[in-house]
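Student: By this note's numbering, the letter at position 197 of the sequence shown is numbered 225, and the numbering carries on one by one without gaps. Please find one structure pasted underneath; my questions will follow.
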Amino acid sequence: MALLEVKNITISFGGLKAVNSFSVSIEKGQLYGLIGPNGAGKTTVFNLLTGVYKPDSGAVELDGQNITGKSTIEINHAGIARTFQNIRLFKELSVLDNVKVGLHNEYKYSTLSGILRLPSYWKTEKQMNERAMELLKVFDLDGEASTLAANLPYGKQRKLEIARALATDPKLLLLDEPAAGMNPNETAELMETIRFVRDNFDMTILLIEHDMKLVSGICEKLTVLNFGATLACGETAQVLNDPEVIKAYLGE
């Protein structure tokens, strides 16, 4: 059984179908890419999968559970986490505290315990700090745990956003253009990081990306969107050599 089953989801805005009967099946542990020209509907698909939008029709199942139309919080608790094309960090908080925000799905204490700073509060805080530092080490950010997120270089802010998403302990991680704004060296490092996350966190990853070197280097399968409709899907090499994809997406 696939981890993610999307069946013919459709959504319209002002009579225009932004996504038209989109379907995809992603197996557990896959690195799957979603590509297409600007305005093709890729981020809209992510918004449908994470409850930002509710589909007009169709269904979304995660690990056998129907999550169609559920709220963003419910979907996150079910096991989907995401990053955004435009980085969304709590920039006034430290690097460590950004990751701890994600950990509140897993670690909890009562309001009374937090107000009175009871022993259970300090125990939970210690556990959260330790877990957050473990995640930061994966991204080589542990040495900057006390740094304000706003003061991190751009590439490290991208990594911090992924670390925070992983803190929610997802089954499926959605990455929206993770290499946007990165130089070639940063992109190469990101590729290795994504592979590490998949292999060491038992993670399934669906990513939107325009960098074809990254896409061809890590994605096992691809779906190409164009004007909200599926243009092609299949093994990465096969899709990237499809004449229709080359014509519509690569502009050749």
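All residues carry an ideal CB built from backbone N, CA and C; glycine is no exception.
1) Can you give the Cα-Cα distance for CYS261 and GLU172, rounded to whole angstroms?
2) Can you list, in chain order, the stretches of the alpha helix (DSSP H) that have 4 or more residues and sit fully within the region 72-122?
3) If I follow the unbroken beta strand (DSSP E) through GLY61, where does it start and stop?
4) Quick check on the DSSP output: the beta strand (DSSP E) that includes GLY262 runs from which residue to which?
5) Am I right that LYS184 and LEU169 are in contact with their C-beta atoms under 8 Å? What's the rounded C-beta distance?
6) With C-beta atoms as the reference, is ILE108 less than 7 Å away from LEU200?
7) Are LEU242 and THR264 closer than 7 Å when you measure CB to CB?
8) Give the secondary structure of ALA46 by DSSP, where H, G and I count as helix, E and B as strand, and everything else as coil.
9) By how many angstroms is the C-alpha of GLU162 removed from the C-alpha of LEU44?
10) Smallest Cα separation from ASN269: which of ALA257, LYS249, PHE255?
11) Is PHE27 helix, strand or coil by DSSP?
12) Going along the chain, which residues of its own chain have a beta-carbon closer than 6 Å to the beta-carbon of GLY97, five neighbours each way excluded?
13) Kindly confirm or deny that the region 50-66 and the region 173-192 touch, where touching means at least three C-beta pairs closer than 8 Å.
14) Since LEU235 and PRO206 are thought to touch, with beta carbons under 8 Å apart, how far apart are those beta carbons, to the nearest angstrom?
15) With DSSP as the reference, label SER40 as helix, strand or coil.
16) Could you tell me if GLY69 is buried or exposed, where buried requires 16 or more neighbouring beta carbons within 10 angstroms of its beta carbon?
17) In chain order, what residues of the same chain have a beta carbon less than 7 Å from the beta carbon of ASN114, not counting five sequence neighbours either side?
18) Going by other Cβ atoms of all chains shown within 10 Å of its Cβ, with 16 needed for buried, is THR100 buried or exposed?
19) State the Cα-Cα distance for the pair GLU120 and PHE167, rounded to the nearest angstrom.
20) Which word fits ASN104, buried or exposed, when buried means at least 16 other C-beta atoms lie within 10 angstroms of its C-beta?
21) Quick one: what's GLY35 bridged to in DSSP?
22) So what does DSSP say about GLN185, is it helix, strand or coil?
23) Which partner residues of ASP204 appear in the DSSP bridge assignment?
Tutor: So, from the listed chains and residues:
1) 41 Å
2) 100-106
3) 59-63
4) 257-263
5) 6 Å
6) yes
7) no
8) strand
9) 45 Å
10) LYS249
11) Residue 27 falls outside the range modelled here, since the chain spans only 29 to 280, and no answer is possible.
12) LYS82
13) no
14) 6 Å
15) strand
16) With at least 16 other beta carbons inside 10 angstroms of its own, GLY69 counts as buried.
17) none
18) exposed
19) So the two alpha carbons sit approximately 20 Å from each other.
20) buried
21) For clarity, residue 35 is Lys in the given sequence; the question names Gly instead. Note: LYS35 sits in a beta bridge opposite ALA87.
22) GLN185 falls in the helix class under three-state DSSP.
23) Answer is ILE236, bridged to ASP204.
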